[in-house]
Amino acid sequence: MFIVYTPEGRNRIQPGELAPQLKVAQTKRVNPVGQSEMDQMHFEEAMAQVHEKTQPAVKEYQSIQSKHERKLVVKVYEIMTQPVITIGEETSLGQAWQKMVESHVHHLPVVDEVGELVGLVSSHDILMRAVVGDNGQLDIGGEGLVTEVMTEQVVTTKAETDIRRVAQVMSEYNLGCIVIMSDAESIRGIVTLSDIVRRLSESPPLEIYV
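For the sequence shown, position 83 (counting from the first letter as 1) is numbered 82 according to numbering that gives the first Met the number 0, and the numbering increases by one without interruption.
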């Protein structure tokens, strides 16, 4: 389950909720053209004999395959970054940018005076306000506040969510990260695209069977 935090309240979203449902009819069995029912009966008997002879080999193959299968489903808590660096509503753009540079992060959740999530600011949000000064240096408009550029609709989820669902939502909504909330509605972690890519590149590879 995913919850969007907004100034107006919280809304639930589901991955793929707008995807169309595909329905296909079952195929019907037909006899080969030009064959009688007797010919078809002989054909079925021959196929049954082949099936009986090959069944032991098929079972052995399936047994070997099952031994090598890794039924692994990775949860968010296995890859999320914690603790999370946050900033307050009164943080300036310059301060937020400096914190990103020092902490090597690109996303900072914004919290109010009681620590509740009210927004999310990214390095892209700040750079969109930047200008190049007369001296050629980048001026990020450091006196402005993060509340002027932050995203107020923040998509969140729980630590037990399957990362496949997280990746799907990030793709559908073009998100760079998702904030992970605890049952007490406090910020517990954060998952970025880099976290997912890093997990996919690890050995053994991520297998998405259940």
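Beta carbons are placed, not taken as given, at the ideal position from N, Cα and C, and that holds for glycine.
Where does valine 23 land, buried or exposed, given buried means 16+ other C-beta within 10 angstroms? The pLDDT assigned to valine 23 is 35, lower than 50, so where the model puts this residue is not dependable, and the model offers no usable value.
Cβ pair valine 120, valine 153 closer than 8 Å: no
Starting from leucine 192, follow the alpha helix (DSSP H) in both directions and report where the run begins and ends. 192-199
Is it right to say proline 108 is buried, meaning 16 or more other beta carbons lie within 10 angstroms of its own, or is it exposed? buried
Among the candidates Gly93, Gly114 and Glu171, whose CA atom is the shortest distance from the CA of valine 130? Looking from the CA of valine 130, the closest CA among Gly93, Gly114 and Glu171 belongs to Gly93.
Local conformation of glycine 188 per DSSP, three classes: strand
Of all the options Thr90, Glu89 and Val104, which has the alpha carbon lying nearest to the alpha carbon of valine 83? Val104
For glutamate 159, I'd like the list of residues in its chain whose CB is within less than 8 Å of its CB, leaving aside the five on either flank, ordered along the chain. Lys74, Val75 and Tyr76
Beta-carbon spacing of arginine 128, glycine 143 below 8 Å: yes
If you draw a straight line from the C-alpha of arginine 11 to the C-alpha of arginine 197, how long is it? 28 Å
Exposure label - aspartate 194; buried when at least 16 CB within 10 Å: buried
Does the beta-carbon distance from isoleucine 191 to histidine 106 come in below 8 Å? Sequence check: residue 191 is threonine here, not isoleucine. Cβ atoms of threonine 191 and histidine 106: closer than 8 Å.
Could you compute how far the alpha carbon of threonine 80 sits from the alpha carbon of glutamine 54? For threonine 80 and glutamine 54, the distance between alpha carbons rounds to 49 Å.
With burial defined as no fewer than 16 other Cβ atoms inside 10 Å of the residue's Cβ, what is the status of methionine 99: buried or exposed? buried
Within the continuous alpha helix (DSSP H) that includes leucine 126, where are the two ends? 122-126
Among the candidates Val165, Ser181, Ile139 and Asp182, whose CA atom is the shortest distance from the CA of leucine 174? The shortest C-alpha to C-alpha distance from leucine 174 to any of Val165, Ser181, Ile139 and Asp182 is the one to Val165.
Whole-number beta carbon distance between alanine 95 and valine 145, since they are thought to touch under 8 Å: 5 Å
Alpha carbon to alpha carbon, what distance is there between aspartate 124 and threonine 150? Each residue's Cα considered, the two are about 8 Å apart.
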